[in-house]
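Each residue of the sequence shown is one higher than the last, beginning at 3 in our numbering.
What follows is a short report on a single structure.
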Amino acid sequence: TSSNPSVATVSSSGQVTGVTQGSATITATSESKSNTAALTVTSVPVAAVAVAPATANLTVGQTVQLTATPKDSAGSALTGRTVTWASSNTAVATVSPSGLVTSKAAGSATITATSEGKASSAAVTVTLVPVASVVVSPAPATVPAKGTVQLSVTLKDANGNTLTLSGRTVAWTSSAPTIATVSPSGLVTDMADGGTATITATSEGQSGASVVTVQAPVASGSVPDPTLLPVASGQAPNLSAYLALNVANQPAGFSYNDPVTRVKVWKVTSSSTPSANSGAGHDYSDGPNEVSLGWGTNNNTHTILIRGDGMAYYLVDFTRGAGFSNYRRLTVQPARDLCFTFSNLASQPRIAYILTGSQVVRFNTATMQTENTGNFPLNQAGFGWLQHDKTDGWFAGLTTDQTVVFAWNSQTNELRTHGESWLNEGRLERDGRYIALTNGNSTFRLWDLATNTFGPTQSDRINFWLGHNANLRSQWVTTDVNASAPFDLDRYDPSGGQIVKTRFLTNSAGAGVHHAGNWVQSDAELGGNLNRQWSFMSGIDAMWPGVAWMQAIGVVRSDGSDARLLLHHYDLNPIYFADPFAQPSPDGKVVIFNSNMGGSGRYDLFVAEVPLR
């Protein structure tokens, strides 16, 4: 008999048969006498492992089931044995405890099955899903004169699924390099005065193309046209090109083409120009005109206000394509920043208005003399900020303690004031009818100068004053600095007795982006309609190519339908006065901005030439 038949059985003739691993005692009995034998049953050892299939070819994302069969020395399959699986290169292929192989990336991997110290393997080769088609966008595309445009490529498989670019080679070529070249990353650069070129991207034998039209340069002295600028699509600054320019150490008068947009940029100031200074730029906010309308030949010369050390103010004349002349200190100094503004009238581009602290005077920047006519000067103390409408009729601003906003009509000599406990900068729109009022109550309220009444009020998620905005015709564009929607762009316009707020640009950058500046000329000067006025915006802080305005200056239509990139100013660790605060001339031909150009330890004033048509 067997003490453990589940381990071993014994026949009547004494034949013992092992059933499973373990121990048993076999007992033989005759005439009441017996004896025993101790028996140990062991498994047949694994002599080899067979893996099938022995080779497998996969594309990324595919799977294959491998099987492993342990065998004895006679080649018979053994059951009930433990098998472990392993991959020599898990970045290429992984294997599950059951032998299911999943491909991850192109390459080779050895999949090994092991049982009782014996092992066998299968060779797995993984290739990328073949490219079936290549799509280049935008197609077609336009390159501004002396500018660039960034093309992108999308690879697709036979089913139309988008393929990852990782691990794949894309080659870019131009059919006409003398007209437009293309970089290995798809950046197209204008090389000629107009023409077309076909830009082709090729990957794994498949190609896609975009026909690129290079715009011809336009004659000097014509109309500024933001649509000649590249579409703003998150272009990052070209850092290596900026480092090569060494702008921070260049003298005043130095010029360069922006490495991304090819817009001409000039350096207005330096540590010795217009006089020795630790930093020179333009006033840190917006509202007044700090660069004049064009005058002289083709109206291509502009007078620019410069703020130096100790609130000392200077002027300089800048001519597009030529440079600077006649740096001079103002003989009548503004009381503080934001107390100087150039005329909006084409008939008097060299006239400016200066708030001295006790008067608003009319000043001729050509003769450098006060030239009061009509109701000028306005004798009034305590005013500390100045702006005016497109006809130089209404002037508006604040008292220095920010408790009273004033409106003065230079044609009728009527002076109106309105006081509140705390006011931010009242904003006069260019048509001269409304002043936007914001205060500590986080509301937006209108002062209607035509009727001298107040209202309506907009309080939808203001949560901050109306600052760094564009004073357009009959509307305002401003940044929304609410914590829940940081630095989106909103438009406010009076309509049907209400103030309509429209969110027209959502900025996914989050905190750290700063928009400023204003596009101050009449919309009719650039074409379009009142609902699509251009507004300048400028950004600082971290460089993130996914956001159009970071480290950049550009223009956006007030309905959000178009956004264009002017240049990158490349500030690093800026102090507040190095923020760009981009501000154009009233005719839109040039734009001034501040920058420390790479963390130079000082800030300077720069001027950019807007493309003309």
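Even glycine gets a Cβ: it sits at the ideal position worked out from N, Cα and C.
This one's a predicted model, so the numbers in the text were calculated from it and none came from an experiment.
Query                                                                                                                                                                          : Result
Give the list of continuous alpha helix (DSSP H) stretches no shorter than 4 residues that lie fully inside the region 210 to 274.                                             : 241 to 247
Residue 347 and residue 388: beta carbons closer than 8 Å?                                                                                                                     : no
Suppose the cutoff is 6 Å on Cβ atoms and the five residues either side in sequence are ignored; what does the same chain contact list for residue 41 look like?               : 10, 26, 28
Figure out for me which residue from 579, 183, 294, 82 has the closest Cα to the Cα of residue 606.                                                                            : 579
Which partner residues does residue 539 have in the DSSP bridge list?                                                                                                          : 556
Quick test of your reading: residue 612 and residue 304, contact by CB under 8 Å. State the CB separation rounded to the nearest angstrom.                                     : Their Cβ separation, rounded to whole angstroms, is 11 Å, which puts residue 612 and residue 304 out of contact at 8 Å.
Output the distance between the C-alpha atoms of residue 492 and residue 138, rounded to the nearest integer angstrom.                                                         : 33 Å
Looking at residue 155: is its Cβ nearer than 8 Å to the Cβ of residue 190?                                                                                                    : no
In its own chain, which residues sit with a C-beta less than 6 Å from the C-beta of residue 452, not counting the 5 before and 5 after it?                                     : 435
Just to confirm my understanding: we take residue 127, look at its own chain, exclude 5 residues before and 5 after, and list those with CB closer than 6 Å. What are they?    : 59, 110
For the structure I just gave you, are there three or more beta carbon pairs, one from the region 171 to 179 and one from the region 199 to 216, closer than 8 Å?              : yes
Have a look at 585, 494, 571 and flag the residue whose alpha-carbon is nearest the alpha-carbon of residue 560.                                                               : 494
Within 10 angstroms of its Cβ, does residue 99 collect 16 or more other Cβ (buried), or is it exposed?                                                                         : exposed
Is residue 311 buried or exposed, if buried means 16 or more other CB atoms sit within 10 Å of its CB?                                                                         : exposed
Anyone know if the C-beta pair for residue 378 and residue 363 falls short of 8 Å?                                                                                             : yes
Under the rule that 16 or more other beta-carbon atoms within 10 Å means buried, what is residue 417, buried or exposed?                                                       : exposed
Relative to the C-alpha of residue 308, which candidate in 555, 339, 34 has its C-alpha closest?                                                                               : 339
Check whether the Cβ atoms of residue 537 and residue 472 sit closer than 8 Å, and answer yes or no.                                                                           : yes
Measure the CB-CB distance between residue 53 and residue 123 and report whether it falls below 8 Å.                                                                           : yes
Leaving out five residues before and five after residue 410 in sequence, what residues of the same chain have Cβ atoms less than 6 Å from its Cβ?                              : 380, 397, 417
Could you compute how far the alpha carbon of residue 531 sits from the alpha carbon of residue 430?                                                                           : 20 Å
Should residue 141 go down as buried or exposed, given a rule of 16 or more other Cβ atoms within 10 Å for buried?                                                             : exposed
Does DSSP put residue 180 in a helix, in a strand, or in coil?                                                                                                                 : coil
Secondary structure at residue 522, three-state DSSP: helix, strand or coil?                                                                                                   : In this prediction, residue 522 scores a pLDDT of 43, lower than 50, which makes its location untrustworthy; no coordinate-derived value is stated.
Going by other Cβ atoms of all chains shown within 10 Å of its Cβ, with 16 needed for buried, is residue 36 buried or exposed?                                                 : exposed
With 16 as the cutoff for other CB atoms within 10 Å, does residue 456 come out buried or exposed?                                                                             : exposed
Excluding the five sequence neighbours on either side, which residues of its own chain have a C-beta within less than 6 Å of the C-beta of residue 526, listed in chain order? : Its pLDDT being 40, under 50, residue 526 is placed unreliably by the model, and the measurement read from it follows with that caveat. Taken in chain order, the list of residues that qualify is empty.
Using alpha carbons as the reference points, say which of 382, 413, 72 lies closest to residue 376.                                                                            : 413
Which residue marks the beginning of the beta strand (DSSP E) containing residue 307, and which one marks its end?                                                             : 303 to 309
Taking the alpha carbon of residue 293 as the reference point, which residue from 353, 324, 169, 67 has its own alpha carbon closest?                                          : 353
Residue 229: which of 185, 256, 56, 557 sits nearest, CA to CA?                                                                                                                : 557
CB residue 2 to CB residue 391, shorter than 8 Å?                                                                                                                              : An answer regarding residue 2 cannot be provided, because it is not within the stretch 3 to 615 covered by the chain.
How long is the line joining the alpha carbons of residue 441 and residue 345, rounded to whole angstroms?                                                                     : 28 Å
With DSSP as the reference, please indicate the residues paired to residue 611 in a beta bridge.                                                                               : 592
Quick check: residue 402 and residue 424, are their CB atoms within less than 8 Å of each other?                                                                               : no
Can you check which of these residues, 257, 215, 273, is closest to residue 267 by C-alpha distance?                                                                           : 257
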